[in-house]
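Visitor: Quick one: this structure, given as structure tokens, is what I'll be asking you about.
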Ligand SMILES: [Mg+2]
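In this note's numbering, the protein residues as written are 407 to 730.
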């Protein structure tokens with residue numbers, strides 16, 4: 407295995423413009439725009455758990471960056487910097503080249519400078535990315551701002567990434583067309599950065615769907631000390647999800663499947679026109695799926711009756727559902 411410095415130099419060093427100092431010293435140096443504050447997030451991905459070792463290196467790189475940018479989107483932060491720590495079972499040049507392509511490709515799209523990181527030899531391919539974004543002071547979209555009477559909104563469609571995984575695991579059988587539509591949602595998710603930025607001053611609370619709609623909306627409800635009522639019929643579904651929605655496994659994908667990276671947010675009813683104008687400007691559909699109520703917990707109704715929500719989402723220390 408060539409030296410660590412060699413690997414970093416060859417695959418992970420890019421010139422920086424915004425940062426004062428990037429990769430190559432003991433620390434990176436960067437400033438903060440006056441009047442803004444930092445949002446910082448970190449996410450770890452492990453082979454066999456968050457992706458399959460057989461997945462394309464480019465998609466693994468894309469996803470490692472995307473899941474972190476999605477957390478910045480959920481806070482309404484403008485992405486600025488990222489750091490990457492990577493444990494590699496072996497020095498696989500082809501993997502590293504592909505990985506860097508996907509990782510830096512998405513970083514570049516959102517103006518993110520990769521300013522540091524670490525590489526080490528490890529038994530399981532493990533990736534830890536830290537991302538930093540800026541938000542005007544006090545304008546972050548937090549989880550604790552939902553109030554009774556607010557609407558509950560969801561961007562894009564729910565369940566497609568989980569349907570792709572379910573198709574892999576043969577619990578749902580998609581047609582070829584459906585699989586072609588769902589697979590990019592699992593492998594190359596799109597962080598909803600522009601939506602998060604536009605929702606500053608509009609949404610009262612916001613989260614990205616990484617663990618599943620019910621679980622992630624549940625996090626907002628818990629932090630805000632409120633409950634919510636959502637109609638299953640109002641949930642935004644792709645053609646594939648709509649076609650399979652009556653199968654229990656597909657219904658679980660829609661309500662509890664992770665990896666969609668859509669935004670779930672709340673806003674008062676007098677901001678409906680603003681939310682719809684944002685969606686139109688971004689050409690990204692948003693759907694009003696229910697309302698926040700006093701109390702606690704989430705009730706999802708279907709044909710007017712409350713559904714049993716057994717699968718509350720992907721709990722890393724509870725239901726163990728490794729991908730491989
Ligand atoms: Mg999140």
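By construction, the Cβ of each residue, glycine as well, lies at the ideal position given by its N, Cα and C atoms. Nothing here was measured: the structure is a model prediction, and the numbers come from that model.
For residue 713, which three-state DSSP category applies?
Guide: Mapped onto the chain shown, residue 713 falls at position 307. Looking at residue 713 - three-state DSSP - the assignment turns out to be coil, as it is neither helix nor strand.
Visitor: Cα separation between residue 413 and residue 525?
Guide: Walking along the chain shown from the start, residue 413 turns up at place 7. Walking along the chain shown from the start, residue 525 turns up at place 119. Near 8 Å, if we compare the C-alpha coordinates of residue 525 and residue 413.
Visitor: Just list the residues that DSSP pairs residue 599 with in beta bridges.
Guide: Within the chain shown, numbered from 1, the residue matching residue 599 stands at position 193. Paired residue(s): none; residue 599 is not in a bridge.
Visitor: What's the call for residue 550, buried or exposed, on a 16-neighbour Cβ count within 10 Å?
Guide: For the purposes of this step, residue 550 is taken as residue 144 along the chain shown, with counting starting at 1. Exposed, since its Cβ has fewer than 16 Cβ neighbours within 10 Å.
Visitor: Got a sec? Which residues, its chain only, sit under 7 Å from residue 753 by beta carbon, not counting five neighbours each side?
Guide: Nothing about residue 753 can be reported from this structure: the residues present for the chain run from 407 to 730 only.
Visitor: Using only CA atoms, which one of 562, 571, 577, 646 lies nearest to residue 614?
Guide: Locating residue 614 in the chain shown gives position 208, counting from the first residue. Ranking the options by Cα distance to residue 614, first place goes to 562.
Visitor: Ligand 1: which residues have Cβ under 7 Å from any of its heavy atoms, chain order?
Guide: Here the residues come out as 476, 477, 480, 613, 614, 616.
Visitor: Contact defined as beta carbons within less than 8 Å: I believe residue 640 pairs with residue 693. What is the distance between those atoms, to the nearest angstrom?
Guide: The sequence position of residue 640 within the chain shown is 234, counting from 1. The sequence position of residue 693 within the chain shown is 287, counting from 1. About 6 Å; that satisfies the 8 Å criterion.
Visitor: Do three or more CB pairs link the region 671 to 679 to the region 583 to 599 at distances below 8 Å?
Guide: Result no; under three Cβ-Cβ pairs closer than 8 Å.
Visitor: Hey, could you find the ends of the beta strand (DSSP E) residue 612 is sitting in?
Guide: On the chain shown, position 206 is the one that residue 612 refers to. Residue 612 -> beta strand (DSSP E) spans 611 to 614.
Visitor: What are the boundary residues of the beta strand (DSSP E) that residue 671 is part of?
Guide: As a first step, residue 671 is located in the chain shown; it is residue number 265 there, counting from the start. Where residue 671 is concerned, the enclosing beta strand (DSSP E) stretches over 669 to 673.
Visitor: Within 10 angstroms of its Cβ, does residue 476 collect 16 or more other Cβ (buried), or is it exposed?
Guide: What you label residue 476 is simply residue 70 of the chain shown in a count that begins at 1. It is buried - the Cβ of residue 476 has at least 16 other Cβ atoms within 10 Å.
Visitor: Excluding the 5 residues preceding and the 5 following residue 713 in the sequence, name in chain order all residues of the same chain whose CB lies nearer than 6 Å to its CB.
Guide: For the purposes of this step, residue 713 is taken as residue 307 along the chain shown, with counting starting at 1. Within the same chain, residue 713 has close Cβ partners 706.
Visitor: Under the three-state reduction of DSSP, which class applies to residue 436: helix, strand or coil?
Guide: Sequence index remark: in the chain shown, residue 436 carries index 30 (1-based). The answer is coil: DSSP assigns residue 436 none of H, G, I, E or B.
Visitor: Could you check which residue in 690, 642, 500, 512 has the C-alpha nearest to that of residue 469?
Guide: Counting from 1 along the chain shown, the entry for residue 469 is found at position 63. The option with the nearest alpha carbon to residue 469 is 512.
Visitor: What are the residues that DSSP puts in a beta bridge with residue 485?
Guide: If you number the chain shown from 1, residue 485 lands on position 79. Answer is 539.
Visitor: Could you pull out every residue in the same chain whose Cβ sits closer than 8 Å to the Cβ of residue 423, ignoring the five residues on either side in sequence?
Guide: Working through the chain shown from its first residue, we reach residue 423 at position 17. Cβ neighbours of residue 423 beyond the five flanking positions: 519.
Visitor: Based on Cα-Cα distance, which residue from 578, 558, 557 lies nearest to residue 565?
Guide: The sequence position of residue 565 within the chain shown is 159, counting from 1. Ranking 578, 558, 557 by Cα distance to residue 565 puts 578 first.
Visitor: Take the Cβ of residue 433 as the centre, count every other Cβ of all protein chains shown within 10 Å, and call the residue buried at 16 or more, exposed below.
Guide: What you label residue 433 is simply residue 27 of the chain shown in a count that begins at 1. Per the 10 Å Cβ criterion, exposed.
Visitor: Buried or exposed: where does residue 496 fall if 16 or more other Cβ atoms within 10 Å of its Cβ makes it buried?
Guide: Indexing the chain shown from 1 puts residue 496 at position 90. Classification for residue 496: exposed.
Visitor: To test your reading of the DSSP string, which unbroken beta strand (DSSP E) runs of 3 or more residues are found completely within the region 628 to 665?
Guide: Within the region 628 to 665, the complete beta strand (DSSP E) runs of at least 3 residues are 633 to 637.
Visitor: Taking all protein chains shown into account, do 16 or more other C-beta atoms lie within 10 angstroms of the C-beta of residue 584, making it buried, or fewer, making it exposed?
Guide: Indexing the chain shown from 1 puts residue 584 at position 178. So residue 584 counts as buried.
Visitor: Using only alpha-carbon positions, find the residue among 529, 462, 532, 485 that is nearest to residue 503.
Guide: The count along the chain shown starts at 1 and reaches residue 503 at position 97. Out of 529, 462, 532, 485, 462 has the C-alpha closest to the C-alpha of residue 503.
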